[in-house]
Amino acid sequence: MGNILTKIQQIASNEGITIGAFERSIGASKGVLSRAITNGTDIQAKWLEKIVENYPRYSASWLLAGEGPMLKTSTSGADEAPCPDEKERKTKKSEKNSECSSRIQKLPEGSIEGIPLIPTSAMAGAFTSDISFMKYECEHYFIPDFKGADFLIRVKGDSMQPTYYSGDLVACQKIPMNDIFFQWNKTYVLDTNQGAIIKRVLPGKDNDHICIVSDNEKYPPFELEKSYLHAIALVRGIIRLE
1 MGNILTKIQQ IASNEGITIG AFERSIGASK GVLSRAITNG TDIQAKWLEK IVENYPRYSA
61 SWLLAGEGPM LKTSTSGADE APCPDEKERK TKKSEKNSEC SSRIQKLPEG SIEGIPLIPT
121 SAMAGAFTSD ISFMKYECEH YFIPDFKGAD FLIRVKGDSM QPTYYSGDLV ACQKIPMNDI
181 FFQWNKTYVL DTNQGAIIKR VLPGKDNDHI CIVSDNEKYP PFELEKSYLH AIALVRGIIR
241 LE
């Protein structure tokens, strides 16, 4: 088990996160991995399954048996090729964003069809279905890729770089507050006591908290009481207008 624990540390280091953040990402309680690493004790098989499930680019054979390379390789026929590097992934993502942007149609002024681009000042109305936000001069867009989205908002700041940049538009789908189900590590727009924030959500220290995570490592994660949440929307996609 000692070798597996060392490999878990390697994965966390390669992902640029702490063991505590790694624990939260697999739904484990605080200390489940850190205590095992410190004391050299075993961890339950279910946590190994969670690691393999949540970090699919790492080889299960490497983690569990010490066989082969750390990162998986993709196969095409009989030939093996390494997983695309970061530059290639970013290029493909940029191409996808450009393709999506080419299908965006801004609707005529005064239209209430399509998806409204909501200003920050009208955010509460967008979350609660209060039609008062319609009084604002909202731009409306027809975007085939995001038919299930309820509204668009514009990203501000750099806390979610390099995934989301200031000026990007994100398409959001409202989540009922009476039936909250978080998809861990997904990005959400959260209406809180201190305003709306765009962050990733991971399990918190207990059932009354969630862990709020920025993609920009300069911004440390923090715990947020669920009682401070007034409304929630799942980010369905991103539109980068260039």
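Under the UniProt record's numbering, the first residue of the sequence shown carries the number 1, and numbering increases by one thereafter. Heads up, the beta-carbon is just placed ideally off N, CA and C, and yes, glycines get one too. Treat the numbers as computed from the prediction; the structure is a model and nothing was measured.
Can the beta-carbon of L224 be found less than 8 Å from the beta-carbon of Y188? no
TODO: For my contact list, S61 and E67 are in at a C-beta cut-off of 8 Å; report their separation, rounded to the angstrom.
DONE: 4 Å
Between H140, Q194, G204 and K218, which has its C-alpha nearest G31's C-alpha?
G204
- Message: Taking the alpha carbon of Y58 as the reference point, which residue from L48, W47, L71 and K50 has its own alpha carbon closest?
- Response: Nearest C-alpha to Y58 among L48, W47, L71 and K50: L71.
For D215 versus P162, is the C-beta spacing smaller than 8 Å?
Taking a C-beta distance under 8 Å as the contact criterion, D215 and P162 qualify as a contact pair.
Report yes if the C-beta distance between G114 and F142 is below 8 Å; otherwise report no.
Yes, these two residues count as a Cβ contact at 8 Å.
Check your understanding: Distance, Cα to Cα, D206 vs R240?
Key -> 36 Å
Handout entry: Reduced DSSP category for F222 - H, G, I as helix; E, B as strand; rest coil
Key = Three-state result, F222: strand.
- Tell whether a beta-carbon distance below 8 Å holds between F146 and G237. Yes, they are a contact pair.
Which residue marks the beginning of the beta strand (DSSP E) containing K186, and which one marks its end? Where K186 is concerned, there is no enclosing beta strand (DSSP E), given that its DSSP letter is neither H nor E.
Exercise. What does DSSP give as the partner residues of C138 in its beta bridges?
Worked result: The partner list for C138 (beta bridge, DSSP) is empty, contrary to what the question assumes.
| field | CA nearest to the CA of A28, picked from R200, N14 and A45 | value | A45
Checklist entry - Nearest CA to the CA of P116: which residue from A171, L64 and Y165? => result A171
Burial state of A65, where buried means 16 or more other Cβ atoms lie within 10 Å: exposed
- Message: Contact defined as beta carbons within less than 8 Å: I believe Q9 pairs with I37. What is the distance between those atoms, to the nearest angstrom?
- Response: Rounded to whole angstroms, the Cβ separation of Q9 and I37 is 7 Å, and the two are in contact under 8 Å.
Measuring only the C-alpha atoms, how far is A149 from K218? Straight-line Cα distance between these residues: approximately 30 Å.
- Query: Alpha carbon to alpha carbon, what distance is there between I198 and A12?
  - Reply: 24 Å
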